[in-house]
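These notes concern the structure reproduced below.
Protein chains: 2
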Amino acid sequence: MNDSVVEIGSRAGALPPATARLSDVAAHAGVSTKTVSRVVNNEPNVRPQVRERVMLSVVTLGYRPNAAARALVTQRTHQIGLITTASSLYGPTAGLFSLEQAAWKAGYALTLTTVREPSEGELAEAIRYLLARGVEGVIISGATGVLHLAPSALAGMPVVSTSPVSDAAPNHVVVDTDQSMGARAAVRHLYDLGHRRIAHIAGPLSWHAAVQRRDGWLRGMKDAGLEPGPVVEGDWSAKSGHEAAFSLDRAEVTAVFVANDHMAMGAIRAFTEKGIQVPGDMSVVGFDDVPEAAYQMVPLTTVRQDFVAGAERSVRELVQLIENQPIETTSIYLPTELIVRDSTASVIALDTA
Amino acid sequence: MNDSVVEIGSRAGALPPATARLSDVAAHAGVSTKTVSRVVNNEPNVRPQVRERVMLSVVTLGYRPNAAARALVTQRTHQIGLITTASSLYGPTAGLFSLEQAAWKAGYALTLTTVREPSEGELAEAIRYLLARGVEGVIISGATGVLHLAPSALAGMPVVSTSPVSDAAPNHVVVDTDQSMGARAAVRHLYDLGHRRIAHIAGPLSWHAAVQRRDGWLRGMKDAGLEPGPVVEGDWSAKSGHEAAFSLDRAEVTAVFVANDHMAMGAIRAFTEKGIQVPGDMSVVGFDDVPEAAYQMVPLTTVRQDFVAGAERSVRELVQLIENQPIETTSIYLPTELIVRDSTASVIALDTA
DNA sequence: GTAAAATGCCCTGTCAGGCCA
DNA sequence: ATGGCCTGACAGGGCATTTTA
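Quick mapping for you: the protein sequence lines, in order, are chains L and S.
Using this note's numbering, you'd call the opening residue of the first sequence number 3 and step up by one each time.
Using this note's numbering, you'd call the opening residue of the second sequence number 3 and step up by one each time.
This is the structure:
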């Protein structure tokens with residue numbers, strides 16, 4: 003056993019990974035740590051050959067800067083925190099990966115936090131947790147009614163959220179889908195098909211998005227001069243849509259605007275069970291355009307929202323806030339698109355049936 | 003404009019929140035920094051009154067320990083990294099939030115990373131990125147065929163994944179659903195209904211899960227003494243299930259085992275378009291049991307997997323690895339459950355039809 | 001007085017920036 | 001123009017010291 007013996011076996015030498023430090027690289031390259039630092043951080047004033055030599059040492063030793071040490075001295079962590087509700091609903095998750103990728107591109111890492119309910123207490127706890135982790139900004143996504151955030155809890159940290167906050171803080175931008183626009187387009191579409199009695203199956207009204215969609219429906223009805231039909235509240239699940247649809251009477255209603263696709267699926271199933279054909283006897287419009295919406299037994303007419311765009315925009319705004327760049331507006335609403343498929347039909351079809 | 007002018011407007015005074023440090027608390031409470039440290043970390047040997055006084059100062063000054071400094075000195079970050087494929091497939095996302103909650107409970111934060119494809123290169127990059135962030139372990143989830151991880155890239159870091167790795171590292175545990183068991187149960191169920199010619203719509207075979215399910219189906223067929231029907235490969239999407247089903251001939255096949263629910267939905271839609279009734283003319287079994295599976299027009303018979311349990315187990319194993327506690331096994335396979343609904347029926351029904 | 005508990009000093013960990021050679 | 005040295009960013013560990021029983 004001497005220095006030149008190569009250890010055999012997978013775990014041999016599995017001591018602490020023995021990460022190389024700046025000083026190790028310096029020693030290896032025969033320069034000062036400062037010079038290595040300059041090379042690593044791409045600063046000027048290093049001769050090309052020296053730079054080359056240092057680079058080589060960096061690779062050889064597998065050096066990577068210690069994030070903690072760097073954060074300590076630069077006072078920057080390049081971490082952003084994401085607070086979201088812990089449910090595998092399509093909406094909240096759809097934008098998640100886009101969020102991460104946008105953050106990565108902008109040079110930030112994403113730390114995830116979940117809350118069961120976006121109550122003031124839970125949010126405050128999540129924020130404290132993220133603050134302790136040193137995040138430089140927070141995105142609050144999915145979920146959430148109007149947020150109640152004690153400004154003190156935020157300690158001035160930038161926030162981007164899909165819902166507005168009660169105490170408007172200066173470092174806050176709202177990025178959301180224009181829910182109201184989507185809902186109104188749905189109503190308009192049904193109106194154009196001749197529907198006059200249009201019900202609504204809402205999401206849980208503790209959610210800002212659910213309220214927005216309901217209000218958009220309400221406003222669409224009013225704009226069309228129609229008396230709003232009944233509203234039934236669900237919880238976003240197919241199951242709740244199924245239950246909600248059972249309480250809707252065919253005699254009173256010819257169409258339903260449903261606040262998301264999964265509830266719409268449940269509703270269509272329920273109508274079928276009751277002997278009501280979709281779209282022959284009843285038109286249904288969903289919201290989200292989940293990937294499988296087009297491939298249902300009755301392909302779903304729905305309102306598409308662009309989660310990817312929303313995620314990218316959120317990160318962009320947050321980074322601007324963090325880096326103190328000027329922002330244009332504090333509320334951004336992204337457009338929706340109505341996707342017409344087979345779950346809606348003209349009332350004519352109904353009267354003939 | 004001089005120093006004393008207070009800036010007016012939304013961004014005024016958005017200077018660093020001026021977080022209190024340990025020494026500030028110490029000064030405020032009239033003790034040494036070490037004592038404050040003890041109080042903050044709940045260590046013994048501090049008189050109750052002193053502890054109380056320090057706590058008060060902590061609250062008054064809004065002190066929270068600087069994560070970077072703490073990480074630097076303790077050589078612990080309490081961060082774990084998650085590498086997952088960037089797609090909003092149900093599987094990968096379903097366990098995500100459970101993962102975060104389990105990590106939180108164990109005292110770890112979760113940093114998210116996505117790869118487009120689980121290639122060796124992309125994985126290596128993701129790992130370097132996480133390593134640079136100081137994570138203490140990695141969970142590789144969703145996605146992924148057999149992983150090719152250069153052990154050197156890992157630098158001995160603990161890994162838990164849903165897929166096995168090619169170069170088995172000692173610090174590695176596989177936690178996965180017992181895909182094969184699920185597939186065999188599906189075949190068995192179809193067999194018991196009298197089906198003999200059973201096709202398979204597979205997931206993308208670059209995915210380990212897809213291969214496992216196909217192999218399970220294959221083995222189930224063999225065990226039952228049946229000749230395997232055709233296999234068509236999809237990409238997990240409803241769209242691909244729809245396309246795949248079109249290539250299946252009713253004359254050759256009376257049932258299909260589909261590798262996930264969304265493809266199964268697309269397949270059912272396709273059969274319907276071709277005038278093949280489900281389950282009258284064709285039985286379909288899915289996999290996952292997505293929440294809306296029960297509320298399809300044809301409620302889906304499917305194989306349920308417990309993503310929550312998988313997530314919790316993954317975190318548990320990883321933490322054990324990180325904290326150098328003994329682990330029992332290096333491969334853990336969680337059971338599945340066959341959920342029988344309406345998309346499968348006896349072939350008798352078919353023959354009478 | 002002694003042992004034990006409580007408290008504090010000093011130094012370390014890693015990297016970047018300022019100053020100086 | 002380059003490169004070296006020293007310090008600062010913050011919290012925790014080891015041990016020495018003071019207090020208490």
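By construction, the Cβ of each residue, glycine as well, lies at the ideal position given by its N, Cα and C atoms.
Just so we're clear, the structure is a prediction, and the values are computed from it rather than from any experiment.
7 Å Cβ cutoff, residue i in contact with chain L
i, result
"S/M299", "yes"
"S/G267", "Looking at the sequence shown, residue 267 of chain S is not Gly but Met. Yes, its Cβ sits closer than 7 Å to a Cβ of chain L."
"S/P19", "With a pLDDT of 49 at S/P19, under the threshold of 50, the predicted position of this residue should be treated as unreliable, and no value is reported."
"S/T179", "no"
"S/R1", "Given that chain S is displayed from residue 3 to residue 355, the structure contains no residue 1 of chain S and the question cannot be resolved."
"S/G136", "yes"
"S/A261", "no"
"S/A73", "yes"
"S/H264", "yes"
"S/H244", "yes"
"S/F248", "no"
"S/A70", "yes"
Whole-Å CB distance - residue i paired with residue j, under 8 Å assumed
i, j, result
"L/V213", "L/L207", "6 Å"
"L/T79", "L/E138", "6 Å"
"S/A296", "S/R343", "6 Å"
"S/A111", "L/T95", "About 19 Å separates the two Cβ atoms, so there is no contact after all."
Chain-ordered chain S contacts of residue i [CB-CB under 9 Å]
i, result
"L/M284", "The premise fails here: L/M284 is roughly 14 Å from chain S at the closest Cβ pair, so nothing lies under 9 Å."
"L/H30", "Chain S residues near L/H30: none, gap ~18 Å exceeds 9 Å."
Inter-residue Cα distance where the pair is residue i and residue j
i, j, result
"S/L352", "S/R190", "In this prediction, S/L352 has a pLDDT of 46, which is less than 50 and means its spatial position is unreliable; nothing more can be read from the coordinates."
"S/A187", "S/G222", "8 Å"
"S/D290", "S/G93", "7 Å"
"S/P160", "S/V140", "6 Å"
"S/V60", "S/L24", "9 Å"
"S/F309", "L/T256", "39 Å"
"L/A31", "L/R55", "6 Å"
"L/S316", "L/Q103", "12 Å"
"L/Y193", "L/P230", "12 Å"
"L/V167", "L/R49", "53 Å"
"S/N262", "L/V292", "16 Å"
"S/P46", "S/E124", "46 Å"
"S/D217", "S/S182", "7 Å"
"S/N68", "L/G144", "29 Å"
"S/G250", "S/V258", "Here the sequence assigns Leu to residue 250 of chain S, which means Gly is not the residue at that position. Between S/L250 and S/V258, the C-alpha separation is close to 9 Å."
"L/G184", "L/A226", "15 Å"
"L/T35", "S/V305", "58 Å"
"S/R199", "S/L98", "37 Å"
Residues that residue i contacts on chain L, provided the C-beta gap is smaller than 8 Å
i, result
"S/E102", "A88, L114, T115, T116"
"S/K107", "Going along chain L, no residue has its Cβ under 8 Å from S/K107, so there is no contact; the nearest lies around 11 Å."
Min CB distance residue i to chain S below 7 Å
i, result
"L/H174", "no"
"L/F273", "no"
"L/G144", "no"
"L/T95", "yes"
"L/A347", "no"
Close Cβ partners of residue i (< 6 Å) along its chain, the five nearest in sequence each way excluded
i, result
"L/E122", "H150"
"S/P18", "Any reading at S/P18 needs caution, since the residue's pLDDT is 40, under 50, leaving its predicted position unreliable; the model's value is listed next. Closer than 6 Å at Cβ, skipping near neighbours: no residue."
"S/F175", "The residue you asked about is not Phe; residue 175 of chain S is Val in the sequence shown. Closer than 6 Å at the Cβ level, and outside the excluded window around S/V175, lie V162, E319, T332."
"L/A240", "H264, M267, G268"
"L/I278", "R252, M284"
"S/V234", "I203, A246, S249"
"L/G196", "S348, V349"
Other residues of its chain near residue i: CB distance less than 7 Å, five sequence neighbours each side excluded
i, result
"S/I270", "V280, V286, V300, S345"
"L/G243", "I203, G236, V260, H264, M265, A266, M267, G268, A269"
"S/S100", "F309, V310, A313, E314"
"S/Q1", "A question about residue 1 of chain S goes unanswered here, because the residues of chain S that appear run from 3 up to 355."
Contact list for residue i against chain L, beta-carbon separation under 9 Å
i, result
"S/F289", "Per Cβ cutoff of 9 Å: no residues; S/F289 is ~14 Å from chain L at best."
"S/P67", "A134"
Contacts that residue i makes with chain L (C-beta to C-beta distance below 7 Å)
i, result
"S/I270", "M299"
"S/T37", "Those within 7 Å of S/T37 in chain L number zero; the least Cβ separation is about 21 Å."
Chain-ordered chain S contacts of residue i [CB-CB under 8 Å]
i, result
"L/K241", "P293, A296, Y297"
Chain-order list of residues whose beta-carbon lies under 8 Å from that of residue i (same chain, five-residue window excluded)
i, result
"L/D180", "Y335, L336, P337, T338"
Where residue i meets chain S, residues with beta-carbon distance less than 7 Å
i, result
"L/A111", "T113, R135"
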